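Below is one structure; the comments refer to it alone.
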Amino acid sequence: MAYAELSLLEQLATNSSPYHDPLQRLNWETLDTKAYWLPPTAISLFGTREYDELAETTRIRLSQYEFTGFIQAGLWLEAIFVERLSRNLKHTQSAQELAYYLHEIREESGHSLMFLKLMEKGGLRLPGVWRNRPRTADFLGRHAPINTTLFWLAVTIGEEVPDKLNRYIRTHGNDSVDPLIRQMCTLHVIDEARHIAHARNALEQSLARTSAWHKKLLTPVVNLLIRQFVTTFYLPQTDVYELSGLNPGRQWREIARHNPARREFIQACLNPSLNLLRGHGFAVKDPAL
Ligand SMILES: [Fe+2]
Ligand SMILES: [Fe+2]
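Its first residue numbered 45, the sequence shown is counted upward by one per residue in my numbering.
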């Protein structure tokens, strides 16, 4: 492993200490179940006539269920990360690499435990954490050969897509979102910044050995992965609407899917990631729901 790579791993591991356990750090007693859990502008129906007609209590409930759906998808994705990182431990080639991966496993475990705690404290739950997950993303996440370009593309896209929503909640939720939820997002974003720095670096190393035709071959997979992750994290499932009192859920989900404001929101969130991939030579399409 190159010296620059080792020193980045060392730097990232140093920044992971001391470990901040979200279960201990957050004051769970302050959770407000009457407050918004997403800024209204981050709700999937925001900007539609139908949203304007909803009662305030319904909007708040919808924001809470949408956030719950978002973190539930996070449980699925983080389980894949922990699974892959753990299986990779025995292939690490230096103490620095091993330490970095152990930090990442501990941090992802902390995030997932924090999500479960929120569900317990808030009393909001959606059926089936492992259900309706996007097949290609799930399969590649679990089985793409480790340390290949395809693997690092899947990791980078998987880390970046949900991170952008956490960042939005953190920066735009000042006066609307329950402070505990914002704090959750802040803790998450801080850890993810390190994971993303590592994934981006690993992707770059791998791309240095990837030919132009191989990139062309990978482009449809990249587009598919983006679409699947975007749908998973930005388009709530039907039960989110139904539990918020909006029936039938399928109809409300279609309103969100065709909501131009939602498309613009997603585009703005994901532009930095799309530009990164385009800069690496992938002809990436704008995400659609
Ligand atoms: Fe995480
Ligand atoms: Fe992560």
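Glycine included, C-beta positions come from ideal geometry on N, C-alpha and C. Fair warning: this is a prediction, and the values are worked out from it, not measured in the lab.
- Simplified DSSP state of Y145, which is helix, strand or coil: Helix.
- Message: Using a Cβ-based criterion (distance less than 7 Å to any ligand heavy atom), does E152 qualify as near ligand 2?
- Response: At least one heavy atom of ligand 2 is nearer than 7 Å to the Cβ of E152, so yes.
- Message: Given 7 Å as the limit, tell me if D65 has its C-beta closer than that to any heavy atom belonging to ligand 1.
- Response: Answer for D65: no, Cβ out of range of ligand 1.
- Would you check whether ligand 1 has a heavy atom nearer than 7 Å to the C-beta of H135? No, ligand 1 has no heavy atom inside 7 Å of this Cβ.
- Message: Any heavy atom of ligand 1 inside 7 Å of the beta-carbon of H28?
- Response: Residue 28 lies beyond the range of the chain shown here (45 to 333); nothing can be said about it.
- Message: Tell me whether the region 178-198 and the region 292-312 touch, counting them as touching only if at least three CB pairs, one residue from each stretch, are closer than 8 Å.
- Response: By the Cβ criterion, the region 178-198 is not in contact with the region 292-312, since fewer than three pairs of Cβ atoms, one from each stretch, lie closer than 8 Å.
- If F277 and V205 are in contact, beta carbons under 8 Å, what's the gap, nearest whole angstrom? Cβ-Cβ separation between F277 and V205: approximately 6 Å, consistent with a contact (criterion under 8 Å).
- Between the CA atoms of W196 and A99 - distance to the nearest angstrom: Roughly 44 Å separates the two Cα atoms.
- Query: If V221 sits next to A79, beta carbons under 8 Å apart, how far is it from one beta carbon to the other, in whole angstroms?
  - Reply: That belief holds up - the Cβ atoms of V221 and A79 are roughly 7 Å apart, short of 8 Å.
- Neighbour-count burial assignment, E248, 16 or more Cβ in a 10 Å radius: Its Cβ having fewer than 16 others within 10 Å, E248 is exposed.
- Item | Sequence-distant residues of its chain with Cβ nearer than 8 Å to E236 (five each side left out) | Result list for E236: E203, D207, N210, in chain order.
- Please go through the region 77-113 and give each complete alpha helix (DSSP H) segment of 4 or more residues, from N-terminal end onward. Scanning the region 77-113 for uninterrupted alpha helix (DSSP H) segments of 4 residues or longer gives 93-96, listed from N- to C-terminal end.
- Message: Please return the same chain residues whose Cβ sits closer than 8 Å to the Cβ of L336, not counting the five positions on each side in sequence.
- Response: Residue 336 lies beyond the range of the chain shown here (45 to 333); nothing can be said about it.
- Message: Please determine whether the Cβ atom of F125 lies at a distance below 7 Å from any heavy atom of ligand 2.
- Response: Answer for F125: yes, Cβ within range of ligand 2.
- Which residues share a DSSP beta bridge with V221? BP columns for V221 point to Y80.
- C-beta contact flag for I225 and W81 at 8 Å: Remark: C-beta atoms of I225 and W81 approach each other more closely than 8 Å.
- So what's L333 in DSSP terms, helix, strand or just coil? Coil at L333, not helix or strand.
- Item | Beta-carbon contacts of L133 that lie in its chain and below 7 Å, excluding the five residues immediately before and after | Excluding sequence positions up to five before and after L133, its CB lies within less than 7 Å of the CB of L142, Y145, all in the same chain and listed in chain order.
- Compare the beta carbon distance of F326 and K259 with 8 Å and say whether it is the shorter of the two. Going by beta carbons, F326 and K259 fall inside the 8 Å limit.
- Determine the DSSP secondary structure at S60, reduced to helix, strand or coil. Residue state, collapsed to three classes: coil.
- In this structure, does DSSP put S288 in helix, strand or coil? In this structure, S288 counts as coil in the three-state DSSP scheme.
- Query: Within 10 angstroms of its Cβ, does S288 collect 16 or more other Cβ (buried), or is it exposed?
  - Reply: With 16 or more other Cβ atoms from the protein chains shown falling within 10 Å of its own Cβ, S288 counts as buried.
- Under the three-state reduction of DSSP, which class applies to V199: helix, strand or coil? V199: helix per DSSP, three-state reduction.
- With 16 other CB atoms within 10 Å as the buried threshold, where does H341 fall? Since the first residue shown for the chain is 45 and the last is 333, residue 341 is missing from the structure and cannot be characterised.
- Message: For the alpha helix (DSSP H) containing V274, name the first residue and the last one.
- Response: Element bounds for V274: 256-278.
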